[in-house]
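Trainee: What follows is a single structure, and I will ask about it in a moment.
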Amino acid sequence: MGAQQRVYKQRIRSAQGMKKIFKAQEMIAAARISKAHARVRATTPYAEAITTAIGSVATNSDEIDHPFLQSKRDVNGRVGILLITSDRGMAGAYSPNAIRGAEQLANLLRDQGKTPVMYVVGRKGDSYYRFRNREPHRSWTPYKEAELPELGREIAKVVTEDLLSEDLEQHIDELYVVGTQFESRFQQRTKSVRLVPMGVVDADPGQVRPSYPLYAFTPDPDTVMEQLIPRYVEARIINILLQSMASEHASRQRAMKTATDNAETQINKFTRLANSARQAEITQEITEIVGGADALSGSGRSER
Amino acid sequence: MSTLEVTFVTADRTVWSGRAAQVVVPAADGSMGILPQMQPTLAVLDRGLVRIIAESGEVTERDVVGGFVSVDSDVVTIAVDEAVRVGGSGR
Chain D
1 MGAQQRVYKQ RIRSAQGMKK IFKAQEMIAA ARISKAHARV RATTPYAEAI TTAIGSVATN
61 SDEIDHPFLQ SKRDVNGRVG ILLITSDRGM AGAYSPNAIR GAEQLANLLR DQGKTPVMYV
121 VGRKGDSYYR FRNREPHRSW TPYKEAELPE LGREIAKVVT EDLLSEDLEQ HIDELYVVGT
181 QFESRFQQRT KSVRLVPMGV VDADPGQVRP SYPLYAFTPD PDTVMEQLIP RYVEARIINI
241 LLQSMASEHA SRQRAMKTAT DNAETQINKF TRLANSARQA EITQEITEIV GGADALSGSG
301 RSER
Chain X
1 MSTLEVTFVT ADRTVWSGRA AQVVVPAADG SMGILPQMQP TLAVLDRGLV RIIAESGEVT
61 ERDVVGGFVS VDSDVVTIAV DEAVRVGGSG R
């Protein structure tokens, strides 16, 4: 076998090996999407309940005061950005998109004269900032899929502490979250939302603001606020973590599907090339034999 | 008589939902009973027992830890951090 053919055969084999890996990754991701999506759905009733409760309280905000509700809480111009990325690669544009969203937001904040402070979840985002010598303020990496609610609680605790801190070095004025919203298996969207100060976070333009009843608070409004707001922050962070996880799987499935298709194309291409190389070799051999025979017969000798 | 529309959720699942005649929750300042036509209330919950008496008279009880309850025109939403079956560790 000729050298040329050997090279092609080798390429085919390696493409076949990669195709198997991609295919396996694709199937794993596909199996995990529905599970991750079910977990997102499971947290929705709680999130809705707490959002309604907060909304009703916020409409009575003339009598209620909580640091997270004040729209003017500029102290030192530090603004927290919680960025959610994946731990592993092979997920297409999932992590880069989230990072780009965070960078855009950070630039916008810098233009406003604020200092972005990064809180990063996931190795991809962490290494992005480390590589550029802008180490994130806090990073959680690596994380486990099964422990996302615990992770969310821990993150909520850390950011709440920083938001309420009196220490100018530690205090952050606002908190944004950059994550990926899972809309469907085929569509995910990178989303930046402001979590603190709270306000019309969820109100889509054009939507009528629901009216809330005047509540009686037990034991008293301040205590209720103190209990509700940390829970709200927690619920929102956990929800966006779970949605991002589902999006990561969906994104990985799509990326791996494309990779499998590409590997197949590659295999086809190299099979063709290997065939023509073999054919060329055969043709050359025949030409040599025929040419040799012709040369012998032309010399007039009947014996070798 | 009107009934209560109850949704009882924890952070990651729905425990009970449906129509109930009466709900008892452990509010922070003492046990609180909720009957139809109650005024809109938002209450913080403490550790204790949530008892839901369904229209049929069937009683559902759960031990809960922390959370809140909101009552608004006979729609009751109970959201807690943790809920376990009374007398057992199962869900």
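Sequence lines, in order, name chains D and X. Residue 1 is where the first sequence starts when you use full-length UniProt numbering, and the numbers rise one by one after that. Residue 1 is where the second sequence starts when you use full-length UniProt numbering, and the numbers rise one by one after that. By construction, the Cβ of each residue, glycine as well, lies at the ideal position given by its N, Cα and C atoms. No experiment lies behind these values; they were computed from the predicted model shown.
Measure the alpha-carbon distance for residue 194 of chain D versus residue 16 of chain X and round it to whole angstroms.
Mentor: Rounded to whole angstroms, residue 194 of chain D to residue 16 of chain X spans 32 Å at the Cα level.
Trainee: Do you know offhand how far residue 148 of chain D's Cα is from residue 11 of chain X's?
Mentor: 12 Å
Trainee: From the DSSP output, in three-state form, read off residue 67 of chain X for me.
Mentor: strand
Trainee: Look at residue 14 of chain D and residue 105 of chain D and say whether their C-beta atoms are less than 8 Å apart.
Mentor: no
Trainee: Short of 6 Å in beta carbon distance, which residues of its chain neighbour residue 46 of chain X, apart from the five on each side in sequence? Order them along the chain.
Mentor: 26, 28
Trainee: Give the range of the beta strand (DSSP E) segment to which residue 56 of chain X is assigned.
Mentor: Unbroken run through residue 56 of chain X: none, as it is neither H nor E.
Trainee: Got a sec: does the ligand COA put a non-hydrogen atom nearer than 7 Å to the Cβ of residue 287 of chain D?
Mentor: In the structure on display, the ligand COA does not appear, and there are no ligands present to speak of.
Trainee: Helix, strand or coil: which one does DSSP assign to residue 191 of chain D?
Mentor: DSSP, reduced to helix, strand and coil, places residue 191 of chain D within a strand of the structure shown.
Trainee: Which whole-angstrom value describes the C-beta separation of residue 37 of chain D and residue 235 of chain D, a residue pair presumed to lie in contact below a C-beta threshold of 8 Å?
Mentor: Distance from residue 37 of chain D to residue 235 of chain D at the Cβ level is roughly 18 Å; contact not present, criterion being Cβ atoms closer than 8 Å.
Trainee: Tell me which same chain residues have a C-beta within less than 8 Å of the C-beta of residue 201 of chain D, skipping the five on either side of it?
Mentor: Caution applies to residue 201 of chain D, whose pLDDT of 43 falls short of 50 and renders its modelled position unreliable; the model cannot decide the point.
Trainee: Grab me the residues of residue 259 of chain D's own chain with a C-beta within less than 7 Å of its C-beta, minus the 5 sequence neighbours each way, in chain order.
Mentor: The beta carbon of residue 259 of chain D sits closer than 7 Å to the beta carbons of 22 from its chain, once the five residues preceding and following it are set aside; these are given in chain order.
Trainee: Any Cβ of chain C within less than 8 Å of the Cβ of residue 46 of chain D?
Mentor: No chain C appears in this structure, whose protein chains are D and X.
Trainee: What is the C-beta distance between residue 92 of chain D and residue 252 of chain D, in whole angstroms, given that I count them as a contact (C-beta under 8 Å)?
Mentor: 7 Å
Trainee: Along the alpha helix (DSSP H) that carries residue 234 of chain D, what are the first and last residues, could you check?
Mentor: 221-298
Trainee: Suppose contacts are defined by Cβ-Cβ distances below 8 Å. Is residue 87 of chain D in contact with residue 141 of chain D by that definition?
Mentor: yes
Trainee: Please name the residue in X/41, X/86, X/83, X/81 whose C-alpha comes closest to that of residue 220 of chain D.
Mentor: X/41
Trainee: Among D/116, D/135, D/218, which has the Cα closest to the Cα of residue 177 of chain D?
Mentor: D/116
Trainee: Whose C-alpha, out of D/129, D/120, D/190, D/167, is nearest the C-alpha of residue 139 of chain D?
Mentor: Of the listed residues, the one whose Cα sits closest to residue 139 of chain D is D/120.
Trainee: In whole angstroms, give me the CA-to-CA distance for residue 207 of chain D and residue 47 of chain D.
Mentor: Summary for residue 207 of chain D: the model assigns pLDDT 49, below 50, so the residue's position carries little reliability; its value from the coordinates is reported in the next sentence. Going from the Cα of residue 207 of chain D to the Cα of residue 47 of chain D covers about 19 Å.
Trainee: For chain X, is any of its Cβ atoms less than 8 Å away from the one on residue 56 of chain D?
Mentor: yes
Trainee: In chain order, what residues of the same chain have a beta carbon less than 6 Å from the beta carbon of residue 82 of chain X, not counting five sequence neighbours either side?
Mentor: 65
Trainee: Could you pull out every residue in the same chain whose Cβ sits closer than 6 Å to the Cβ of residue 270 of chain D, ignoring the five residues on either side in sequence?
Mentor: 8, 11, 12
Trainee: Is residue 104 of chain D helix, strand or coil when you go by DSSP?
Mentor: helix
Trainee: For residue 22 of chain X versus residue 30 of chain X, is the C-beta spacing smaller than 8 Å?
Mentor: no
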